[in-house]
Structure formats: C-alpha cells, structure tokens
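Engineer:
If you want it as structure tokens, here you go:
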C-alpha cells in the first residue's frame, strides 16, 4: 500500500508511506525495474535531498480493549 501526502508544515515536501506484508515482498519491490525507474525519475526532476527510512512493527493489536476503552499501551503483552 502506498500513501502520498503533502507535508502540512513544509510546502516543498511530500511524505510517502509504504506498507509491506513481509520481508520477501519488500525485497522484490526493491529489486524490481519499476523501483529503479521511479528512483531515476525522482532524482532527475527534484534535485533535492531525500530522507529514506524504514520502520518495523513487530506487534499489532486493537486500539480498544474488551471494555471499548482506547489504550496507548500494548495490553495484549500483559496476557
């Protein structure tokens, strides 16, 4: 999944968020011709520095607990 959005604080910046299901699908993405072509196109038109980061999420759980209370902690770890 891709999400492209304007940075609300800096007019010249956009944020691109990609969500990948697993290592293999991300690896295939990085090794695909479309990925190389996209990078070349962006570099040829922007002339700006970029900041690329990847983050890993090892735990996913509901926001709401069994009492429909929104929780900031990861409450399933307690069980």
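In the working numbering, the protein residues as written are 4 to 82.
Cβ coordinates follow ideal geometry from the N, Cα and C atoms, glycine included.
Give the DSSP-derived three-state secondary structure of residue 7 in the structure shown.
Structural biologist: strand
Engineer: Whose CA, out of 37, 75, 25, 14, lies closest to the CA of residue 58?
Structural biologist: For the residues 37, 75, 25, 14, the minimum Cα distance to residue 58 belongs to 25.
Engineer: Taking the alpha carbon of residue 6 as the reference point, which residue from 79, 22, 39, 51 has its own alpha carbon closest?
Structural biologist: Nearest of 79, 22, 39, 51 to residue 6, Cα basis: 22.
Engineer: So residue 77 packs on residue 64, CB below 8 Å; how close in whole Å?
Structural biologist: 6 Å
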